[in-house]
DNA sequence: TTTTAGCACTGAACAATAATGAGTGCCAGT
DNA sequence: ACTGGCACTCATTATTGTTCAGTGCTAAAA
């Protein structure tokens, strides 16, 4: 045996592993020795010997003693870290993403959402964008926008760029002016307060103040309370795209498994756990991720002008890593460009 | 044979059909004659004869010659129209819904969304709320809300109560005041315009006007254009709750079927086709609905103070119709109450 | 006329068995 | 160091038999 572990694989073994991973990604069928003869100009027996070595070190697996090989999680990992080259984006893909980034007026989070939507279409995987969770959002501004017919829109926005609106029908007894005044007071006193503390301060700091100036202060308080509480409830700032894409992948051919994964997608706290603060692009294959042992999560953190969050691609372990990496790298680069502008 | 079709069924046959439908709804197992003996104080042979009659007229079906009976779509339909009594809501359910309706300040569509969310939890089916599609929404108001750092929020709201916001970073060269002025012009000229015609009128009516007053009019135009186009894109004002609930129903135990239904849920135009303008609560069982031959859609239209839309419950054909009806009727009643206030 | 007991029959569901074939490990020979 | 050959393994598929819930029908009882 000429390979021990890790980087002691010889060139041929690396080539072989690479070929097996890529073939399996394409076909989802265990890769047998015969099919590789042509490519390597070797007999199947020789290939089998090499495969046995790769299996011995944990890079390959067999479903049963006489089946072809499939990459193990360790095998995928080695492939991603050492063998894979990010695929070049083709012109069309490039163009689509560029037009989105070109629009400088958009908020970063909107730009990213649009990108991820495109990416989920291009890859057939599921993409996720996680804004900073609400506990880390601080109040930036609250506004009252009057409509006709005693209706108003209450706008709440945070320093991380999240905006929520809610429309209220206000009773005749409340003057819009009172709402506006109250919003101004809130803006003076509570800006910078973490969103999930706003409710409390609203009650103990704002309510006493307006109670002296406004007759129907309870009703006014209720409105702002509602506006904020809705915000806290929707705290999970999660954007999905192509949720069903990955379920359509042929490896998910078992009802229980599909149902399990659907369930996970509905579990917001689990989705939230995808959040990442690490630099660069990180891959979590199978058991490595908290989400589900049968999927791969590729994620990266973004941050620009105060807006920040995590973007992630969720797909089968048999993922086209080269393509996904290329796409995420592209986004990272674009964001870097903007940073240095 | 004593029953011909429709209402010529005798009492016992009606009772029998009712029992079979309700048993099947509970158990999902074909209902055999033996199990019904006790209930009806008859021998299995007699029951079998009656079942044969019901089958002959199309109310029951067999999976194969020697299986128990399951209700046909016609059988469900007859059950819903003639045999079923809406179940009384229990106190807890009542209470939950009442607290939502109690909040008079909320917009109708918000109230309804919250209700349907609760309902999907209570029934384990999927609930859908469809606002009037954007073509039927007319512009009500556009507002510019300034933030610090050269950012603004553009708010677009329609007469049917939909509000969308989008945040922009505006170049130094544009003055916020110019944006506000433009929004005022739009409000003067375009209010009442159907949303999907706004873009056009924006270009041909507004653009020429601001081009005379504003230097960077192109950029200003772009911002409003973006704000509206986003609106048109999200035109489909669809709110889902418990999307996965119904997939968890045990009858969906086939991968292909699950994938098919997931696909349908993603097809916005199909979802849109659920829209209804009919009075009262309508049931579309299996082939009767455009959505999917293996589900039932129960829907009703709501309209109050100009806001209108459709609410629907999507579940298996084997649905707890009595419960679903009770819930939707409750909502309808609450809305009626408000109408007469 | 209505109901029932009895009996032959059906077809799904399950288990056991056999045949097929892709793929393996290993060994002896080049 | 590589290859041809061979025995072996096990998923997959097809085949057969067994069981059993449930049916339709008929002749007798109510």
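Chains as they are written, first to last, in my numbering: chain A, 21 to 361; chain B, 21 to 361.
From the three backbone atoms N, C-alpha and C, an ideal C-beta is built for every residue, glycine too.
Residues that residue i contacts on chain A, provided the C-beta gap is smaller than 8 angstroms
i                     : result
residue 242 (chain B) : 125
residue 175 (chain B) : 165, 173, 175, 185
residue 307 (chain B) : Going along chain A, no residue has its Cβ under 8 angstroms from residue 307 (chain B), so there is no contact; the nearest lies around 24 angstroms.
residue 190 (chain B) : 125
residue 130 (chain B) : 186, 187
Cross-chain neighbours of residue i in chain B, by beta carbon under 7 angstroms
i                     : result
residue 163 (chain A) : 165
residue 286 (chain A) : 264
Test item: CB-CB of residue i and residue j under 8 angstroms
i                     : j                     : result
residue 158 (chain A) : residue 213 (chain A) : yes
residue 310 (chain B) : residue 293 (chain B) : yes
residue 210 (chain B) : residue 245 (chain B) : no
residue 261 (chain A) : residue 147 (chain A) : yes
residue 337 (chain A) : residue 314 (chain A) : yes
residue 199 (chain B) : residue 172 (chain B) : yes
residue 229 (chain A) : residue 205 (chain A) : yes
residue 81 (chain B)  : residue 92 (chain B)  : yes
residue 275 (chain A) : residue 273 (chain B) : yes
residue 133 (chain B) : residue 259 (chain B) : yes
residue 57 (chain A)  : residue 67 (chain A)  : yes
residue 75 (chain B)  : residue 36 (chain B)  : no
residue 282 (chain A) : residue 290 (chain B) : no
residue 125 (chain A) : residue 248 (chain B) : no
residue 88 (chain A)  : residue 111 (chain A) : no
Chain-ordered chain A contacts of residue i [CB-CB under 9 angstroms]
i                     : result
residue 160 (chain B) : 167, 168
residue 246 (chain B) : 123, 125, 126
Cross-strand partners of residue i (DSSP beta bridge)
i                     : result
residue 174 (chain A) : A:164, A:186
residue 147 (chain A) : A:261, A:333
residue 81 (chain B)  : B:90
residue 324 (chain A) : A:327
residue 235 (chain B) : Looking at the DSSP assignment, residue 235 (chain B) forms no beta bridge with any residue, so it has no partner.
residue 305 (chain A) : A:316
Residue i - DSSP class collapsed to helix/strand/coil
i                     : result
residue 314 (chain B) : coil
residue 214 (chain A) : strand
residue 126 (chain B) : strand
residue 33 (chain A)  : helix
residue 109 (chain A) : coil
residue 102 (chain B) : helix
residue 159 (chain B) : strand
residue 48 (chain B)  : coil
residue 339 (chain B) : coil
residue 279 (chain B) : helix
residue 55 (chain B)  : helix
residue 345 (chain A) : helix
residue 39 (chain A)  : helix
residue 287 (chain B) : coil
residue 195 (chain A) : coil
residue 23 (chain B)  : Since pLDDT at residue 23 (chain B) reaches only 41, below the 50 mark, its modelled position is unreliable, and no value is offered.
residue 356 (chain B) : helix
residue 228 (chain A) : helix
residue 203 (chain B) : helix
residue 222 (chain A) : helix
residue 180 (chain A) : coil
residue 299 (chain B) : coil
residue 141 (chain B) : helix
residue 250 (chain B) : helix
residue 132 (chain B) : helix
residue 153 (chain A) : coil
residue 294 (chain A) : coil
Partner residues on chain A for residue i, Cβ-Cβ distance less than 7 angstroms
i                     : result
residue 187 (chain B) : 127, 181, 183
residue 278 (chain B) : 275, 278
Where residue i meets chain B, residues with beta-carbon distance less than 9 angstroms
i                     : result
residue 283 (chain A) : 264, 268
residue 197 (chain A) : Here the premise fails: no neighbours, minimum Cβ distance about 17 angstroms.
Residue i: contacting residues in chain B (beta-carbon distance under 8 angstroms)
i                     : result
residue 139 (chain A) : Neighbours of residue 139 (chain A) on chain B: none; closest Cβ ~17 angstroms, over 8 angstroms.
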